[in-house]
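*Asks:*
There are 4 protein chains.
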Amino acid sequence: MVRIAVLGATGYAARELIRLLLAHPQAQITALTTRSNDQPALGDVHPTLRGRLDLKVENLDATAISQRADCVFSALPHAASAEIIVELLAAGARVVDLSADYRLNDPAAYKKWYDHDHPDPSRLAETVYGLPELYRERIPGSQLVANPGCYPTSAILPLAPLLRERAILPAGIIIDSKSGVSGAGRTAKAHLHFPECNEAVSAYGVGSHRHTPEIDQVLSDFADVQTAVTFTPHLIPMDRGILSTSYATLSQDCDAAALLAILRRQYANEPFVRIVDGLPSTKDVVGTNYCDITVRVVHGRAVAVSVLDNLIKGAAGAAVQNFNLMYGFDETTAL
Amino acid sequence: MVRIAVLGATGYAARELIRLLLAHPQAQITALTTRSNDQPALGDVHPTLRGRLDLKVENLDATAISQRADCVFSALPHAASAEIIVELLAAGARVVDLSADYRLNDPAAYKKWYDHDHPDPSRLAETVYGLPELYRERIPGSQLVANPGCYPTSAILPLAPLLRERAILPAGIIIDSKSGVSGAGRTAKAHLHFPECNEAVSAYGVGSHRHTPEIDQVLSDFADVQTAVTFTPHLIPMDRGILSTSYATLSQDCDAAALLAILRRQYANEPFVRIVDGLPSTKDVVGTNYCDITVRVVHGRAVAVSVLDNLIKGAAGAAVQNFNLMYGFDETTAL
Amino acid sequence: MVRIAVLGATGYAARELIRLLLAHPQAQITALTTRSNDQPALGDVHPTLRGRLDLKVENLDATAISQRADCVFSALPHAASAEIIVELLAAGARVVDLSADYRLNDPAAYKKWYDHDHPDPSRLAETVYGLPELYRERIPGSQLVANPGCYPTSAILPLAPLLRERAILPAGIIIDSKSGVSGAGRTAKAHLHFPECNEAVSAYGVGSHRHTPEIDQVLSDFADVQTAVTFTPHLIPMDRGILSTSYATLSQDCDAAALLAILRRQYANEPFVRIVDGLPSTKDVVGTNYCDITVRVVHGRAVAVSVLDNLIKGAAGAAVQNFNLMYGFDETTAL
Amino acid sequence: MVRIAVLGATGYAARELIRLLLAHPQAQITALTTRSNDQPALGDVHPTLRGRLDLKVENLDATAISQRADCVFSALPHAASAEIIVELLAAGARVVDLSADYRLNDPAAYKKWYDHDHPDPSRLAETVYGLPELYRERIPGSQLVANPGCYPTSAILPLAPLLRERAILPAGIIIDSKSGVSGAGRTAKAHLHFPECNEAVSAYGVGSHRHTPEIDQVLSDFADVQTAVTFTPHLIPMDRGILSTSYATLSQDCDAAALLAILRRQYANEPFVRIVDGLPSTKDVVGTNYCDITVRVVHGRAVAVSVLDNLIKGAAGAAVQNFNLMYGFDETTAL
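Chains as they are written, first to last, in my numbering: chain P, 1 to 335; chain G, 336 to 670; chain D, 671 to 1005; chain C, 1006 to 1340.
This is the structure in C-alpha cells:
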C-alpha cells in the first residue's frame, strides 16, 4: 500500500484525483494540503467527497508531508509546486507534479512563459514528460514525473504520430481548442461568473497561452525540427471536456484513411486512446481517462479532432496512470 | 424629453434598463453612476452596449445627478439607495428605486430583514409599491416609486387576485421559486463560479430570503389578514428567468377553470400579463416584460405556475413601466 | 461470477448500469437487448463505452436471455418490461426491474396511472419495493426486485422516517421536484430539443405524474394512514440530478435539529444516505450513488431538501445496490 | 406601410424576424405560412409571441401570399424556397430569401453542394448577396435579395477587407466556427436532444458544410482569385451565437494594429460592425444585430475572432436590414 499525499487539495483536479485514488487498491491517501491555515475537513472543501475520507486539508511543510507519504501528487500552482518538490525529492518522496513546473526542458523557456526564474532548473532536462502513450518507457524508473497539461495532451496525441511518420509538415500547425470552464480553476473570477460565461463562447490567450511551449517542445521532439504551433484556446459553457481541432499541412497527398491507419498503428495497444471513425464529442469521454481521436483531410490539410476530459485524461487520470507506471501497477488500475 | 440618470449602472438590471431606455423616444440618458472612481466608458462596463451611448460611468453625488437628470433610476444596493434618494428627492428629482429600500411599509420590518436602520423611515408608508397591475392608480402622481422585487412579482401576480376573491386561503401559502443566476447579481462569488452552479440546482435562503416580507405585505393587503408565506428560492443553471410554483389551499372546492377565470378577469386589460392554459416555460418570457401565469388544482390546492424575466418584468422592464406611468407616457413604450 | 443481461440497453439508465457493472468483480455482462433489429455494437449505441465491452445489442427473446444470463436488469418501458419478466422468472432468472411495472402493490392503481392492464397482477403485492434503506431485509431472498423511481427515492428518503416518527403529518405533503433532462429519456422530442429546454425551466405533469402513486404507497406504509401527496416535477436545464423540496406540516412544534436527529438516527449506518447541515446541491451527488438530505423548519412546516443523481441512486446505482443485496455481495460493490 | 408575409414561420429565424418586424413602424405582418395544414395560431407556434399578433400560420400558395403581401421573407428550406419565390417574383412581390437558394452565383455549385438542380438557375448570377456591409449599393434596386448564411457573415466580415487590401493571402484560409444549437433548426433530432448536446462540444460537417461555397464565392470576389477555405463548424452547448476564429497567412509582416486599422477603415460608418480591441464574447452580441470583430497576429498569421447572433445578424436581423435598404428606410429601423 503506497501512502499518498495530495498537495493543493482544494482544486478541481485534486478533487478528481482524490476520487480516483479512493478506488485504488494500492493507494492510501494519508495527507491533504492547502496553503491556507483553515484546516477544513475534506467533505467541506469537496461536498461530493463527504463521508468518503476522514482527513483534514492541512497546511503542511515538506518534512511533515514526507513523513506521512511515500508518493506525493502536487496540484499546487506553478512555482509553488517546484519549491516544495525540491524538498520532497530530497527527503526521498516520489512525486507526480500536476503543475507546469517540470514540463519544459529549458529553464529559459520556463522563465519566458511563466515570467519567473525556475526554482530547480537543473532538474528540468532530465524530468520525464509524463504522457505515457509517447514516453512510457521513461516513467517506471522516475522519482519525479511531470504530468502533462490538458490542452497539450489533446493536441499532441493526434499530431505527434503524424509528425513522426512525416505525414504532416511541422510548419504552420494550428490548434484550435475548446475547453469547459473547470479548466480555468476553482477561483471565482469576474469572467468566470456564471452569467458571464454561460451561453457564451470566447477565445482567450490567443498566441500567448502557457501550454504553447509545452506543445512545441513535444512536437519538435517528434518532428525532429523546431516547431511553433499557433494555439487558440476557447472557453465553452460546460463544466468539463476539451475538444481540439488541429490543422496541419499534409507532406504529400493522402486521404484520411491513411492518417487514421498511422494513428491506429501507433495506439493499437494503448488502453486510453481510441481512434474513431466518426467525429467524437467531448461527451464520449467526460468522466473517463480516454482520448478519442479522428482525422479528416480537407484541401491538403489534416484536420484532427480529439477529445478528452480535462480533469481526468488532462490531469488527475493521467496522474494516476503515471503513478501506476512508476510503481509497476497495472496501468489501468482505478481508471 | 426626460433626462435620465441610472445609479449603480454596472449591474445586470442596470444594463437591461439602459438598453430599454435607449429605445425610449421620450427618455435621454444623461448620467450613469457607480460608487467606484474608475470612470469607465459604458461600453467597457457592458460590452453589449458598446457604441450605443457615449457616456462614462461616474462617481457622482446627488447634486451632480440632480443637475443632470430629471428622473433617476436607482439600481444601487439597499441602504446605499435610500441614502442618496433622500437627497435626490429633496433636490426635486423623480425616482424609480429598483432596490428594496422603499418596498416595505414598516421601518421595523425593514430593520428586521435588512439588519439596518432605514435612512428615511418616514417615507416608507406613503411610497407606492410599483406593481402596476395591482397599484397602477397610485403611480402617476408619485415622485418616488418602489420597484418590486423579481420573486415577489412572480408570486404576487398569480396569488393576489385569488386572495382578493377569497378563492384561496391566506394561511399556509408555499412559494417554491426557481431563478436564473443573473438574479444573484454581477459580483463574482464562489458559489456562482460557473463550474459550481452549472449543471446544478440548489435551494438557498430557505425561510429567510429578503423578498419574503415584501410578498407577505402585498398578499396581506389583498387577503385583508396578516399573511406569512413559506418562500423557498432555488438557483437554476441558466442566465435569466424565474418560475414560481405557488401552492395555496382552496377556500372551497373549485376547479382550475374557475381560478383561471378569476385571473383572466383581473388581468383582462393588462398589457404584460398573459393567463395561459398550458404550463409556461421561462423561455416564453425571457427578453420580454411579460408575466405568464397558469393554475391547476391538485388535492384541494391551487398550484399556480408563473414565469417572468427577472431582469425585465422582475426589474428593468417594470421600472420603465413605472416610469411611463409616472410621466403619463403610454405604459408599453419601449417594452 | 453472475452472468448479466441488460434489457433495453440503449437508454441512459442502461448506459450507467453497464458502466457500473463493468467495474463489478462478480458480474459479467453477457447479453444486451433492444426491441429493434439493428444489432448495433454497444460502442455505437453508447460511444462513451466504446472499447469496453465487445457485445452487440440484440433483439433477444426470454429463452435466449435466460440461457445467457443468471440475472436480468430490465430497463424496458413499463408494460413491455413485465411481459418479458413473467417469462424470465418462469425460466428461473433473477430480475431487477428498473421499469415501474412491479412498484405498485395494487393492480387497480397500476391500471389507473398507467392506463393498461397489468400483465402479471398476482405478483404485485408480493414484490419488494427495492429501496434498500427502507426495505433492505426483504431484498436478499427475492427473485424479483422492483427498482424505485428517481423522484420517489428523492422524496421518500427524507419523508418516510419523519412520518414513521410522527414528526410530520401525512396530510397535505407537497413535493416540488427539479430534475435534469436525462430523466425524460433518450428519445428526441420537441420539448426536449436543446434550444427548447436549454435556458428554461418549466413544470410538467402537475398532479398527474406517474411517480405519484409510488410515493403515496410508500409514505402511506410509513404513516400507517392513506397519504396523497401533491407532486410537481420541473424540468431543469442540466443533464443529471434531482433536487426535491418537500413541505410537510409538523405534528408538533419542533426545530430543524430535532428533525435532522431523526434522519441521522434512521440513516446512521446507511452507506449511501448523507444527512447534511448545509443546503445540498445536485452537484454534490451527481456521478455517485448518494442521496444527500437536509431539513429546515419554516412557519410550522418541515422543508426537506434532498438531492440525488437520477441515473444512479435514482436508477442504475440503486439497481446495482439491489443486485448486491440479492446475491449477498457487499452492498457498496461497484458503487 | 409595407404588407409583409413570412414563409416558413414556424422556425427560430422566423420567430426572431416576426419579433423584429412587430417593432418596425413601416411593416405590417399580414401573412404567416407553413407547409403543414394545421393552421395553428402564431402564439401556439411561438409562445413568446402570444398576444402580440393575431394571425394564424397557414398553408398558402403563391397567389394567396402575393395578394396579401407586398414583401415576402422566405424562411423555407432550400429548394422549397426558390420554387415559390419564382412565382412570387412573377406576381410582383419583393422578396428577402433567408434560405440558401439565391446565394450562390453558379447553378453548378448549387447542384454540387445541395445535390439538387436549382429551380431558377437563370436568376442566380444577378441576385445580390445581401451582406449590406459589402454589397450595400446593389440592394436598394433589388426585387430579390439573398440573405447571407450565419457562418458566412461571421467569417466574411473580418476576412474580406483584409483580402481586398492584400494584407492576407487567399490560399490556406482556415475558419474554425463555434455555433449555438439554434443554428441547427427547430426540428428535434437525436444529436440535438438536450442530454446529447448539453455539456458537449463536437465538430460536424468537416470540410463539407454547405456554407463553404458561399464563403468561397465572396472571398474570391474580394481576393480577385479563386479561394477555397477550410471550414470547420462546431456545435456549442448554448442557444445562440457564433464565434468564428479565422486563420490567414499574412502577405507581409505586419502587426495586429495594422490589420485592425484596415478593418476600422472599412467599417467606420457601419452601424452594425464593431471593431474591438479585446477578444469578444458571443454574449456581447446575442440579441443584437452587431458583429464584433478583433484580430491578432501569431506566427505570421492573422487570427481574426468575430462574433454575432446567428438568428439576428446571421439571419433575421440581416433580413430586416436588407428590407430597410430595399425600401429606402433607415437601415437601422427596428434593429
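For every residue, glycine included, the Cβ atom is placed at its ideal position computed from N, Cα and C. Bear in mind the structure is a predicted one, so any value in this text is a computation, not a measurement.
(1) Is the segment 150-169 of chain P touching the segment 120-139 of chain P in the sense that three or more CB pairs, one from each, lie closer than 8 Å?
(2) What do you reckon, are the CB atoms on L690(D) and G987(D) nearer than 8 Å?
(3) Take V218(P) and list the residues in its own chain whose beta-carbon comes closer than 6 Å to its own, dropping the five residues that flank it on each side.
(4) Can you tell which of A679(D), H694(D), R673(D) and G681(D) has the C-alpha that lies nearest to the C-alpha of V990(D)?
(5) Indicate whether at least one CB of chain D lies closer than 8 Å to the CB of L1264(C).
(6) State buried or exposed for E686(D), treating a residue as buried only when at least 16 other CB atoms are found within 10 Å of its CB.
(7) For the alpha helix (DSSP H) that contains T1068(C), what are its first and last residues?
(8) What does G569(G) reach in chain D if we use C-beta pairs closer than 8 Å?
(9) I need the DSSP call for P568(G), collapsed to helix, strand or coil.
(10) What would DSSP say about I491(G), mapped onto helix, strand or coil?
(11) Below 8 Å between beta carbons is the criterion; list the residues of the segment 1281-1293 of chain C that meet it against any residue of chain P, in chain order.
(12) When you compare only the Cα positions, how much space is there between R1191(C) and Q587(G)?
(13) Taking all protein chains shown into account, decide if G1333(C) is buried (16 or more other Cβ within 10 angstroms of its Cβ) or exposed.
(14) Which chain C residues sit within Cβ distance under 8 Å of V851(D)?
(15) Between which two residues does the alpha helix (DSSP H) containing A779(D) stretch?
(16) Using a 10 Å radius around the Cβ and a threshold of 16 neighbouring Cβ atoms, would you call G141(P) buried or exposed?
(17) Please confirm whether C291(P) and V273(P) have their CB atoms less than 8 Å apart.
(18) Give the DSSP-derived three-state secondary structure of C1076(C) in the structure shown.
(19) Who does K1061(C) pair with in a DSSP beta bridge?
(20) Under the three-state reduction of DSSP, which class applies to Q698(D): helix, strand or coil?
(21) Using a Cβ cut-off of 8 Å (strictly closer), state whether D239(P) contacts chain C.
(22) What's the gap between the Cα of T365(G) and the Cα of F408(G)?
(23) Would you check if there are 3 or more beta carbon pairs closer than 8 Å linking the segment 1258-1265 of chain C to the segment 1282-1300 of chain C?
(24) If you reduce the DSSP assignment to three classes, tell me which class D277(P) lands in.
(25) Just the chain C side, please: which residues come within less than 7 Å of H391(P) by C-beta, in chain order?
(26) For A69(P), tell me which candidate among Y151(P), P77(P) and V96(P) has the shortest Cα-Cα distance.
(27) For the beta strand (DSSP E) that T882(D) lies in, which residues bound it at each end?
(28) Taking C-beta pairs closer than 7 Å, name the residues in chain P that Y1209(C) reaches, listed in chain order.
(29) Using the three-state DSSP reduction, which class does D962(D) fall into: helix, strand or coil?
(30) Strictly below 9 Å CB to CB, what residues from chain P border R521(G)?
(31) Let me know the secondary structure DSSP gives K953(D) once reduced to three states.
(32) Using a Cβ cut-off of 7 Å, which residues of the segment 373-399 of chain G contact any Cβ in chain C, in chain order?
(33) With a threshold of 7 Å on Cβ separation, who are the neighbours of R332(P) within its own chain once the five nearest residues in sequence on each side are excluded?
(34) Would the segment 1312-1322 of chain C and the segment 1180-1195 of chain C be scored as touching if the rule is three or more Cβ pairs under 8 Å?
(35) Looking at the C-beta of Y662(G), does it have a partner C-beta in chain P at a distance below 8 Å?
(36) Which parts of the segment 835-865 of chain D are runs of the beta strand (DSSP E), unbroken and 3 residues or longer, counting only runs that do not cross its ends?
*Replies:* So, to answer that:
(1) yes
(2) yes
(3) I156
(4) H694(D)
(5) no
(6) buried
(7) A1067 to R1073
(8) A small correction: the amino acid at residue 569(G) is His; Gly does not occupy that position in the sequence shown. Within chain D, the residues near H569(G) are K848, L913 and T915.
(9) strand
(10) helix
(11) L1284, P1285, S1286, T1287, K1288 and V1291
(12) 44 Å
(13) exposed
(14) F1199, P1200 and N1203
(15) P777 to Y784
(16) exposed
(17) yes
(18) strand
(19) A1046(C)
(20) strand
(21) yes
(22) 12 Å
(23) yes
(24) coil
(25) No statement about residue 391(P) is possible, as the shown extent of chain P runs from 1 to 335 and does not include it.
(26) V96(P)
(27) Note, T882(D): premise wrong, no beta strand (DSSP E); alpha helix (DSSP H) at T882 to A893.
(28) L279
(29) strand
(30) A190, H193, P195 and E196
(31) helix
(32) P382, T383, R385 and G386
(33) Checking the sequence, you will find Thr at residue 332(P) rather than Arg. Excluding residues within five positions, the ones whose Cβ falls inside 7 Å are P271.
(34) yes
(35) no
(36) 844-849
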